[in-house]
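Asker:
Number of protein chains: 6
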Amino acid sequence: MTELLVNQIRPGMSVDGVFALKVKKLLPYREAPGNFLAVVLGDRTGQVEGRLWEGAEEACARLKVGDIVAVKAQAVEYNGSVQLRIDSIIKENGQMNPAKFIPAAEGLAEAKERLHRLIASLANEKLKSLLSLLFSEKDFYEAFCQAPAAAQYHHALLGGLLVHSVTVAAAADNVARNYPCADRDLLVAGAILHDIGKVREYRCRGAVEQTDEGRLLGHIVSGALLLDRAIERVPDFPEDLRLKLLHMIISHHGRYEWQSPKRPKFLEAALLHQLDMLDAQADMFSRAAAGREDKDSPWTGWVKGLERNVYCG
Amino acid sequence: MTELLVNQIRPGMSVDGVFALKVKKLLPYREAPGNFLAVVLGDRTGQVEGRLWEGAEEACARLKVGDIVAVKAQAVEYNGSVQLRIDSIIKENGQMNPAKFIPAAEGLAEAKERLHRLIASLANEKLKSLLSLLFSEKDFYEAFCQAPAAAQYHHALLGGLLVHSVTVAAAADNVARNYPCADRDLLVAGAILHDIGKVREYRCRGAVEQTDEGRLLGHIVSGALLLDRAIERVPDFPEDLRLKLLHMIISHHGRYEWQSPKRPKFLEAALLHQLDMLDAQADMFSRAAAGREDKDSPWTGWVKGLERNVYCG
Amino acid sequence: MTELLVNQIRPGMSVDGVFALKVKKLLPYREAPGNFLAVVLGDRTGQVEGRLWEGAEEACARLKVGDIVAVKAQAVEYNGSVQLRIDSIIKENGQMNPAKFIPAAEGLAEAKERLHRLIASLANEKLKSLLSLLFSEKDFYEAFCQAPAAAQYHHALLGGLLVHSVTVAAAADNVARNYPCADRDLLVAGAILHDIGKVREYRCRGAVEQTDEGRLLGHIVSGALLLDRAIERVPDFPEDLRLKLLHMIISHHGRYEWQSPKRPKFLEAALLHQLDMLDAQADMFSRAAAGREDKDSPWTGWVKGLERNVYCG
Amino acid sequence: MTELLVNQIRPGMSVDGVFALKVKKLLPYREAPGNFLAVVLGDRTGQVEGRLWEGAEEACARLKVGDIVAVKAQAVEYNGSVQLRIDSIIKENGQMNPAKFIPAAEGLAEAKERLHRLIASLANEKLKSLLSLLFSEKDFYEAFCQAPAAAQYHHALLGGLLVHSVTVAAAADNVARNYPCADRDLLVAGAILHDIGKVREYRCRGAVEQTDEGRLLGHIVSGALLLDRAIERVPDFPEDLRLKLLHMIISHHGRYEWQSPKRPKFLEAALLHQLDMLDAQADMFSRAAAGREDKDSPWTGWVKGLERNVYCG
Amino acid sequence: MTELLVNQIRPGMSVDGVFALKVKKLLPYREAPGNFLAVVLGDRTGQVEGRLWEGAEEACARLKVGDIVAVKAQAVEYNGSVQLRIDSIIKENGQMNPAKFIPAAEGLAEAKERLHRLIASLANEKLKSLLSLLFSEKDFYEAFCQAPAAAQYHHALLGGLLVHSVTVAAAADNVARNYPCADRDLLVAGAILHDIGKVREYRCRGAVEQTDEGRLLGHIVSGALLLDRAIERVPDFPEDLRLKLLHMIISHHGRYEWQSPKRPKFLEAALLHQLDMLDAQADMFSRAAAGREDKDSPWTGWVKGLERNVYCG
Amino acid sequence: MTELLVNQIRPGMSVDGVFALKVKKLLPYREAPGNFLAVVLGDRTGQVEGRLWEGAEEACARLKVGDIVAVKAQAVEYNGSVQLRIDSIIKENGQMNPAKFIPAAEGLAEAKERLHRLIASLANEKLKSLLSLLFSEKDFYEAFCQAPAAAQYHHALLGGLLVHSVTVAAAADNVARNYPCADRDLLVAGAILHDIGKVREYRCRGAVEQTDEGRLLGHIVSGALLLDRAIERVPDFPEDLRLKLLHMIISHHGRYEWQSPKRPKFLEAALLHQLDMLDAQADMFSRAAAGREDKDSPWTGWVKGLERNVYCG
């Protein structure tokens, strides 16, 4: 059966689809005692409002924001928009493909190719072994290719982690040429690995959510633990190289107050931090400008992640 | 052969002993061209100055501060103190017992007993298994019992880690009674484990030194890695308990700027942070007061770790 | 006449009671011009909504949030909750027992006993005289036993100051044993006294409010002034002991940015600050976990006093 | 007998005078074993070096920096400067006039007059009573007129407190005219009183030193305690005026991190803080420029109190 | 034709006037599908609500908050206030006198006089030439006399820049007498010039708005650029005086975090910063107290610019 | 006449050369009263010690550190190093080529070429006109090619500004390709111009020194002033482009506390800030590692500009 997407719903259609529950609210009837249920349903293509007129309290109690729900409804036009008159709304517990609900980053196929080329380009055999081993583990590789780079702000898309990691690693490859004393392979490997903890930090179902591990450990520590267990499986991995890679992961935020327990202590770690910042900033400014609401003004509204208004003049 | 200790040297003695090289400096002869070598030698009982009049440049080049050195010399009196006229001074490369050079914390035997009693008192079987396994590994246990709690400031003594960990764990045991909603076993286990990364952070030979791992990862991350590998070896260790223990280690400094990548997120983690601070502060104030130099004033000099003068009135 | 409490009101009852006015709002009639008055009334057992349909503007103008009001009304059921149809609502100006409106801390009787035992246990005669004198003054003693520990966040309960002070003092008694160089009596006395300024910082009528003195001076300075006047009345109180006690009061927040004009300068002051923090943190984490709203998630909502979400997993 | 001052000593004179011991150091003889004592002696007019060739160790042990010493010596010329060959140097324990050792601020007589005129100008009877009472107490008045405004940096002169207080109060008088909603009498009284705690913060003998009270309480809290006891003695002093004055004292540093436990909460307190800053800054910049050492450069060296170099171009 | 002002509108009047559009909102009809437009209109005398019942979506789309609009309407009474039933509302694009929409500071005529007297009083010929030249340029002079001192908080009035600059300059003139080493002319000239960049930072039409230049450069940099171009036109203006004046402009906020790229480096720059702060604080406290809403409490609500509640007791 | 360089001086040579005076100190003769003058002389190739035995006080008074001095002397060997026995040392006042005294950055010729290619590559005609005009002014161009990038830390070499600017601009060119929404020409032009104020911030004679303009305005403001005057000379330069370029200069430090009066408000400004940081960090880490002193340890000493030790393992 083809899936019905939000942006395909038209007034007059009978809707039978699966959506993520974004908002739920009990509201009083205008003319009578009692409440109806107002919901917002969404998938990767957009959001639509819905109303459940009967059994609202009961439905409200058994559903949670973030649930995947199977909905039967009639689509109508209300005040110029589409609205669903819901007949039934039931929680779906089965396995769900998050790609139905969360938009994906662009250029994923190309990013995968670049990832493999970058790994193949490593002259340092130990680093190449480590990365080959890690990215050939099917579970890890799939998780890495699907994970977002954040729950909010920049790269909150399926595949965001992959795209961000490859962008930073490619820039690292480039920059290494300007600074001959930099160890190119260490820098590139560190760039690929720096955010791997994010495969544990986020969970994608109806939306991107932070996991308990994400909140209790964070991707910096989770990444160090993941890497440490991977290194354990590479025979004769040099101890000083292990310390350098682990250091690059834990120092890549650059400052204690940004949750790095160490600040960068050598050139490659410092470069990695700067390149990570560069891509994160570029992403946030680009998105802020792209998402500007008031087209009459050259300024965006307040951008929370940047704590400023952005100029698009 | 009995070892000669610094506090046993008297003017007139022929000295043949092993010491840690604390300071070395080339100084010009007063009446002629050329230099002599002025050194400070030390062990756990104190320090003594020495002079090498011949071959100073050569000796200075082959010795490093922190080396263990075998010294032959004559002890003389100079300006009211003992001074060594050195005949030969040679680096010792063999295995050395750091206990000769670094003073030990008091109450080590009692602290070991309390440690075992605290582990035995755990009702949570998984926590008891984990701690029993960890502290029954000979290498780890010996390292834990010998490690200092710091390279400077508080607990810079052999066994300082053990004493500090047990003091905090015992206080945790006590405090848990005041707050019935606290999980006593989790708190006590976390208290015992919170600083285990320090077995990787410091190296003790002639003095306490920070290792490369200590500088690149720090005891917070090293501790998390150590604990993670230990948990791997306990069958069926619950994932949520693993996250809680790891969180307690990485959050025990309490603030990002104090190098914790996460702040405490639950009661036991918060209590652990506070109890760690309490013992560290008590230790620093006690030592500052005990080490006051000017006995005519009720104030100590500037105490670096506390960034203040301490009142002893 | 027995007082009617909010949690005793049932639909159908005629209500004639005294409550604290928590919220007042003028809202427009749905079907006609003009406004009605929507109020929230409360006491220590809970809150209830009310509606005044006639004379709303006039009532709104003469009542203030925080007032104690005598209310006559009919209780009805509305959308599944109890609501009061108010016939009259009049401000009460007389003396009111705040215990009707503000919940009390648990264990007050036991806390009083522990307070007296702690004072009796002081071996230092000057400290014992000072505390005996202070706590035997009826006005002060009653104020101390009734005052909350805060207007919000932790210990915002009648008797909160007493319970907090005794908890900290008992912990101080305990901790003093671990650190033999600590002056146990000074520490215990300081712990009992550290927050006495709160008897001037808060006023309890229908709710806990900060006084002008609380806002202009704060409990740290008010506490120092109170203590200074008490010490004046103890014959031959030693000047250095006076300075130490005053210092413990003004430094107990530990940092300038937490409104202490001095940071702790000696061991007992440092311990007091840490013990105060420990109890405050334990209280905030416990309350946050106890008040968690979404029972499906192991995380609380955002906790303002802690600036984080708390994990209850 | 006329006192001999440092700036009157000439080579060839027999010196018999009383000085403050500023520096003492044991230095080795150049040509023989043993040490001599090198001292720096000073009074309000300057400093002079001295040498004690015999009995140096014994003298060094019995003298402390800061002592007042009676010295007999021969003045000689050495490397172009005056130096004292000391025959005897003995600690003086008696009462000493600090004016011999610490320079005095300029314009003290005029400042006293302005102080009395400002007090006399107060129209608010309660404020006038309070200030009249306080400044008519002989001990307090003398201490106020002699106290420095700081131990270092700005106003480290006898009478510095008086001059600073009067300058700020006169500026307050002026400024009050620009802001008609300011209470001129409250502002002027607060300005006169804001630093009175400094009579307890400093002790003047051979030099300005901070007292134990200064270090444990600080002039902000000492000032509040002093004022509170003075207010107690004014019949029917209004409670709100008491709170306002106390608030002005404790908030006059303006920020928590500058050791004010409250920030200014009303106009007069805010103006007082700004006027205090203005005079302190003017004093530090003027002194920095006046004390510039390298006359070839328009820049002073690093000025610690200002954390910058000052331009004098 | 006389202009109709908001505070002249009475129920029953036919309104035909020009206003600034302060708020616009589409709201659903209560009894039928579709929306009406709710607006707030304002001028310097106040604000009034309006309703447009027909063509709401179209009007909402073509109007922007901040627009000047010509309105035809009937004034009615609604819930005790005046409300406009709007017949037509059309954007006005022509030149508008902002004085109709933005209130003006008091004492503008006197401030202009004081400005000219202060310029005339300069003994330094170069400074007098510079200021005479600048303030004799008609465009600049008019902009300077009309500009506000801020978009929010203090001095958000037409002419606020003039009044603030003259107040600071007059205080500078006064203060210069207390500190004889201050260069009075430099200080007064710097005070007059310190905020000239604000003529580029704000635009006044229906309200005070920040310009793109204000947001991208800020008045500190714009002021330096303006001054630099003015100095270029004064023959033989000394380079060191140019640097001092420019420094006073860029350092007058006093701290990096307050957007000064340099901190004050000489006395006059330091005094200017303090005097600017004094006037800004006085203004904010006075306004906060004047604008207190709850007359039953001696405290204002939260004052954003001061980050505190202000006491008016 | 060929110039004598420090690294060409050998014991036994008669020296007649011109050097920069790095250090001067009066030291007492060992065996007699009076002083000799100890100096350190330097040029771009190194430093050498010198002694003036006669007329030391007079010479010390007439010479200043930083002076260029003509020296006649005999080179001797002393304690294994070369030392100059100075016969005469006289200040040189004439024009001096700083290239004799300050080392030059590598790759200057190539950097100039890349600069011209980058300017030629600009498609935006206004930007190309501006940069062509600016860099074709001989005085500015020479100053730009000679200026250092800093007085200390990174790029303290003649030509450092050129090399740094070109490196950043080339990286900008590269990065612009990754972010298609970036305006490549604006970014490259901003990168070339971002530090032009440094031609006014530093003066090179015997060493790199900060000018009065550097200390009073700083290169951020000086750069904006320079750019503004250059833009004035380009006909019809668009106002919005002027604001953007000026904004990029004043925001390139990225944070208020790093002396930027504005934070970056658009993508190109944000990228420029990050690229500037990247090159500065790379430079500091590379230099720190290259300058490591203790070759036995993988760690450098404390690096002031980075506030850390750098790992070179």
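Protein chains in written order, with full-length UniProt numbering: chain W, 1 to 313; chain C, 1 to 313; chain Z, 1 to 313; chain R, 1 to 313; chain D, 1 to 313; chain Y, 1 to 313.
Note that the Cβ used here is the ideal one computed from N, Cα and C, for glycine as well.
This structure is a prediction, so every number in the text was calculated from the model and none was measured.
Closer than 8 Å by beta-carbon distance: list the chain Y residues that pair up with Asp-240 (chain W), in chain order.
Answerer: Under the 8 Å cutoff, chain Y gives Gly-313.
Asker: Ala-104 (chain R) and Gly-46 (chain R) look like a contact to me (Cβ under 8 Å); what is the Cβ gap, rounded to whole Å?
Answerer: Actually they are not in contact, since the Cβ atoms of Ala-104 (chain R) and Gly-46 (chain R) sit about 15 Å apart, beyond 8 Å.
Asker: Sorted by chain position, which residues of the same chain lie with C-beta nearer than 8 Å to Gln-259 (chain Z)'s C-beta, five sequence neighbours on each side aside?
Answerer: These residues qualify, in order along the chain: Gly-218, Ile-220 and His-253.
Asker: Any residues in the stretch 202–225 of chain C with a beta carbon nearer than 8 Å to a beta carbon of chain W? Which ones, in chain order?
Answerer: Against chain W - using a Cβ distance shorter than 8 Å - the residues of the stretch 202–225 of chain C are Asp-212, Glu-213, Arg-215, Leu-216, Leu-217, Gly-218, Ile-220, Val-221, Ala-224 and Leu-225.
Asker: If you follow the beta strand (DSSP E) that Thr-196 (chain R) is part of, which residue opens it and which one closes it?
Answerer: The residue asked about is misnamed: residue 196 (chain R) is Ile in this sequence, not Thr. Taken as a continuous stretch (DSSP letters only), Ile-196 (chain R) belongs to no beta strand (DSSP E), as it is neither H nor E.
Asker: Is the shortest distance between the beta-carbon of Tyr-78 (chain Z) and the beta-carbons of chain W less than 9 Å?
Answerer: Chain W contact via Cβ: present.
Asker: Report yes if the CB atom of Tyr-179 (chain C) is closer than 9 Å to the CB atom of Leu-84 (chain C), and no otherwise.
Answerer: Contact flag unset, no.
Asker: Taking only runs that begin and end inside the stretch 76–140 of chain Y, name each unbroken alpha helix (DSSP H) of 4 or more residues, in chain order.
Answerer: Correct list: 108–120 and 125–135.
Asker: For Arg-114 (chain W), collect the residues of the same chain with a Cβ closer than 7 Å to its Cβ; drop the 5 residues on either side in sequence, then sort them by chain order.
Answerer: Same-chain partners within the cutoff: Val-166 and Ala-170.
Asker: Exposed or buried, what is His-116 (chain Z) when buried is set at 16 or more other beta-carbons lying within 10 Å of its beta-carbon?
Answerer: It is exposed - the Cβ of His-116 (chain Z) has fewer than 16 other Cβ atoms within 10 Å.
Asker: Can you check the UniProt domain "HD" (161–281) of chain D for any beta strand (DSSP E) of at least 3 residues that lies completely inside it and give the ranges in chain order?
Answerer: 202–204 and 208–210, all fully within the UniProt domain "HD" (161–281) of chain D.
Asker: Apart from the five residues just before and just after residue 373 (chain Y), which ones in its own chain have a Cβ nearer than 6 Å to its Cβ?
Answerer: A question about residue 373 (chain Y) goes unanswered here, because the residues of chain Y that appear run from 1 up to 313.
Asker: With which residues is Gln-74 (chain Z) paired in a DSSP beta bridge?
Answerer: DSSP output for Gln-74 (chain Z) lists Z:Ser-14 and Z:Arg-85 as bridge partner(s).
Asker: Chain D partners of Pro-261 (chain Z), CB-CB under 9 Å?
Answerer: Ordered by position in chain D, no residue passes the 9 Å Cβ test against Pro-261 (chain Z), which lies about 18 Å from the chain.
Asker: Which partner residues of Val-23 (chain D) appear in the DSSP bridge assignment?
Answerer: D:Val-40.
Asker: For Met-1 (chain W), I'd like the list of residues in its chain whose CB is within less than 7 Å of its CB, leaving aside the five on either flank, ordered along the chain.
Answerer: Unreliable positioning characterises Met-1 (chain W) in this predicted model, as indicated by a pLDDT of 48, which lies under 50. The coordinate reading is nonetheless provided below. Closer than 7 Å at the Cβ level, and outside the excluded window around Met-1 (chain W), lies no residue.
Asker: Against chain Y, does Gly-305 (chain C) count as a neighbour if the rule is that its beta carbon must be under 9 Å from one of theirs?
Answerer: No, no contact with chain Y.
Asker: Should Trp-302 (chain W) be flagged as near chain D, meaning a C-beta pair shorter than 9 Å?
Answerer: No, no contact with chain D.
Asker: If we ignore side chains and look at the alpha-carbon of each, how far apart do Lys-198 (chain Z) and Cys-204 (chain Z) end up?
Answerer: Taking the straight line joining both Cα atoms gives about 12 Å.
Asker: With 16 as the cutoff for other CB atoms within 10 Å, does Ser-222 (chain C) come out buried or exposed?
Answerer: Classification for Ser-222 (chain C): buried.
Asker: Could you tell me which chain C residues have their CB closer than 9 Å to the CB of residue 338 (chain W), listed as they occur along the chain?
Answerer: There is no way to answer for residue 338 (chain W), as the model of chain W reaches only from 1 to 313.
Asker: For Glu-54 (chain Z), is the classification buried or exposed, using 16 other Cβ atoms within 10 angstroms of its Cβ as the cut-off for buried?
Answerer: The residue in question, Glu-54 (chain Z), is exposed, as its Cβ has fewer than 16 Cβ neighbours within 10 Å.
Asker: Distance check for Asp-279 (chain C) and Phe-266 (chain Z), CA to CA, integer angstroms please.
Answerer: The straight-line gap from Cα to Cα measures roughly 14 Å.
Asker: Using the beta-carbon count (16 or more within 10 Å), is residue 315 (chain D) buried or exposed?
Answerer: Residue 315 (chain D) is absent from the model: chain D starts at 1 and stops at 313.
Asker: Per DSSP, what are the beta-bridge partners of Pro-28 (chain W) in this structure?
Answerer: Paired residues: W:Asn-35.
Asker: Evaluate Val-208 (chain Z) with the Cβ neighbour count: other Cβ atoms within 10 Å of its Cβ, from every protein chain shown; 16 or more gives buried, anything less gives exposed.
Answerer: Buried, by the Cβ-count rule.
Asker: Do you know how far the Cα of Gly-50 (chain D) is from the Cα of Ala-288 (chain Z)?
Answerer: For Ala-288 (chain Z) and Gly-50 (chain D), the distance between alpha carbons rounds to 46 Å.
Asker: Please list, in chain order, the residues of the stretch 120–138 of chain R that have any C-beta partner in chain Z closer than 7 Å.
Answerer: The stretch 120–138 of chain R vs chain Z, Cβ under 7 Å: nothing.
Asker: Quick one: what's got a C-beta closer than 8 Å to Ile-119 (chain Y)'s C-beta in the same chain, skipping five residues either side?
Answerer: If we look at Ile-119 (chain Y) and ignore the five residues flanking it on each side, its Cβ neighbours are Lys-128, Leu-131, Ser-132, Phe-135 and Ile-192.
Asker: Exposed or buried, Lys-262 (chain D), counting other C-beta atoms within 10 Å across all chains shown (16 or more means buried)?
Answerer: So Lys-262 (chain D) ends up on the buried side.
Asker: Give a yes or no on whether the C-beta atoms belonging to Met-277 (chain Z) and Met-277 (chain C) are separated by under 9 Å.
Answerer: For Met-277 (chain Z) and Met-277 (chain C), yes; Cβs fall inside 9 Å.
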